[in-house]
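Under our numbering, think of the first position of the sequence shown as 38, with each following residue one higher. Ideal Cβ positions, reconstructed from N, Cα and C, are used throughout, including at glycine. Structure, as structure tokens:
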Amino acid sequence: MEESSSIADVDRAAYGELRDSVVFIQRNEQLSLAIENIKQSLNVARNEYKNYGSFTFEEKARYDTLLAYSVNSLLWMFQKLTGATEMTLYYLRTNVI
Numbered sequence: 038m039e040e041s042s043s044i045a046d047v048d049r050a051a052y053g054e055l056r057d058s059v060v061f062i063q064r065n066e067q068l069s070l071a072i073e074n075i076k077q078s079l080n081v082a083r084n085e086y087k088n089y090g091s092f093t094f095e096e097k098a099r100y101d102t103l104l105a106y107s108v109n110s111l112l113w114m115f116q117k118l119t120g121a122t123e124m125t126l127y128y129l130r131t132n133v134i
């Protein structure tokens, strides 16, 4: 299997026993990138919150949608990574928050 340029830049020794698993490394790097993108989006949203009161109705809807999408994405990642099959509010409060 041919390595992509993004895998060539990765410190494969950091993956220990999985250092030869190109598929695992690619997926892990993609996950890390997705989490970083969500983090950046939430930082922008946090900085813009001070202006929320002056937002138009449409801007508020877009802002709220961005936050809902980001939180939903993080919860979906948490569920997939931990194998949690039941994501109740009680479960989230006791295990995530």
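So, helix, strand or coil for residue i, using DSSP?
i	result
T93	coil
D57	coil
E123	coil
D48	coil
Between residue i and chain D, is the shortest Cβ-Cβ distance under 8 Å, so that the two count as touching?
i	result
K97	The question asks about chain D, but that chain is absent: this structure has only one protein chain.
Counting only the same chain and skipping the five closest in sequence on each side, list residues whose C-beta sits under 8 Å from that of residue i.
i	result
A50	R56
Y89	K97, Y100
Could you pull out every residue in the same chain whose Cβ sits closer than 6 Å to the Cβ of residue i, ignoring the five residues on either side in sequence?
i	result
S78	S107
M114	none
Check whether the Cβ atoms of residue i and residue j sit closer than 8 Å, and answer yes or no.
i	j	result
A82	L112	no
Here's a check: name, in chain order, each residue in its chain whose Cβ is nearer than 7 Å to the Cβ of residue i, leaving out the five neighbours to either side.
i	result
T131	none
Assign residue i to buried or exposed, taking buried as 16 or more other Cβ atoms, counted over all protein chains shown, within 10 Å of its Cβ.
i	result
I62	buried
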